[in-house]
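Beneath this line is the structure, given in structure tokens, with notes to follow.
In this note's numbering, the protein residues as written are -8 to 247.
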């Protein structure tokens, strides 16, 4: 996984962390707007891309430093990143990231890391793919809202475009909910593919039934004894043939 860090400066400095599973998406994507409200010109520092195992990122205590010292700390980050202080960023962007993970629990951990990395009132922006119509996955998006808000966020913006959902959450609490067992919040961050994985696996790796030699002989013999004309169920013979109809003692099951 790759993290993209940029600093936007204007009326105030804003540190943005963008996470994706490929650095190409980060290098060539358009960054968020650099205008930070009000009048005045904004300056953008050169973006930095770091490799990071985001799910296993170690979170440290927040830095008790002045803004200039925090800027200096960010400039000296080494690649790859194994740990970061908490409450370091003003904005965290997940660009087509959460659907990349194969399980809801991993998506949950990812959002929890974002909560710990954000300052109070910081923003979590989520972009996730979906080419279906507006209300096709409305229940899924409601489920995501409940799960992410339980971490200490509040959703204040949602939009559905032709091929994606866009959600904006604000960090409103420093603590997450402790009621994870009864509500199963991690499981609420599901995607449709979660329910197809088992079926797809069974379809791609079907269990093959191998017939015995006796069954093959019975099957072949059964085809040779098929009547050429309509079968008379009372006499057990074909209406145009004197050959009797044989019923197999052990029926063969055809597995589809």
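Just so it is clear, CB atoms sit at the ideal spot from N, CA and C, and this is done for glycine as well.
{"Check": "Quick check on the burial criterion: 16 or more other C-beta atoms within 10 angstroms. Buried or exposed for residue 19?", "Outcome": "Confidence at residue 19 is low in this model, with a pLDDT of 46, below 50, so the placement of that residue should be treated as unreliable; the coordinate-derived value is given next. That one is exposed."}
{"Check": "Suppose contacts are defined by Cβ-Cβ distances below 7 angstroms. Is residue 179 in contact with residue 118 by that definition?", "Outcome": "no"}
{"Check": "What residue range does the alpha helix (DSSP H) around residue 106 cover?", "Outcome": "95 to 108"}
{"Check": "Hey, how far is the Cα of residue 102 from the Cα of residue 71?", "Outcome": "20 angstroms"}
{"Check": "By the DSSP assignment, the alpha helix (DSSP H) with residue 57 in it spans what residues?", "Outcome": "No alpha helix (DSSP H) contains residue 57, which DSSP labels as neither H nor E."}
{"Check": "Measuring CB atoms only, is the segment 107 to 115 touching the segment 65 to 84, in the sense that at least three cross pairs come out at less than 8 angstroms?", "Outcome": "yes"}
{"Check": "Taking the alpha-carbon of residue 162 as reference, which of 47, 39, 141, 177 has the nearest alpha-carbon?", "Outcome": "141"}
{"Check": "Figure out for me which residue from 43, 183, 74, 92 has the closest Cα to the Cα of residue 49.", "Outcome": "74"}
{"Check": "Closer than 8 angstroms is the cut-off here; do at least three beta carbon pairs connect the segment 128 to 148 with the segment 180 to 187?", "Outcome": "yes"}
{"Check": "Spatial neighbours of residue 151 within its chain, please: C-beta separation below 6 angstroms, excluding the five flanking residues on both sides.", "Outcome": "125"}
{"Check": "Can you tell me the Cβ-Cβ gap for residue 89 and residue 105, rounded? I've got them flagged as a contact below 8 angstroms.", "Outcome": "Actually they are not in contact, since the Cβ atoms of residue 89 and residue 105 sit about 10 angstroms apart, beyond 8 angstroms."}
{"Check": "What runs of the beta strand (DSSP E), each 3 residues or longer, lie entirely inside the segment 100 to 160?", "Outcome": "109 to 120, 144 to 151"}
{"Check": "Could you tell me the distance, in whole angstroms, from the CA atom of residue 148 to the CA atom of residue 175?", "Outcome": "24 angstroms"}
{"Check": "Using alpha carbons as the reference points, say which of 157, 43, 6 lies closest to residue 64.", "Outcome": "6"}
{"Check": "Put residue 162 into one of helix, strand or coil per three-state DSSP.", "Outcome": "strand"}
{"Check": "What does a CB cutoff of less than 6 angstroms around residue 248 pick up in its chain, not counting 5 residues either side in sequence?", "Outcome": "Residue 248 lies beyond the range of the chain shown here (-8 to 247); nothing can be said about it."}
{"Check": "Could you give the distance in angstroms between the alpha-carbon of residue 23 and the alpha-carbon of residue 83?", "Outcome": "Its pLDDT being 38, under 50, residue 23 is placed unreliably in this model, and the coordinates cannot settle the point."}
{"Check": "Tell me whether residue 42 sits in a helix, a strand or coil according to DSSP, three-state version.", "Outcome": "strand"}
{"Check": "For residue 10, does the three-state DSSP call read helix, strand or coil?", "Outcome": "strand"}
{"Check": "Return the chain-ordered list of same chain residues with a C-beta closer than 6 angstroms to the C-beta of residue 191, the five sequence neighbours on each side being excluded.", "Outcome": "Low per-residue confidence applies at residue 191: pLDDT is 49, beneath 50, and the placement is therefore not dependable, though the value from the model is reported in the following sentence. Closer than 6 angstroms at Cβ, skipping near neighbours: no residue."}
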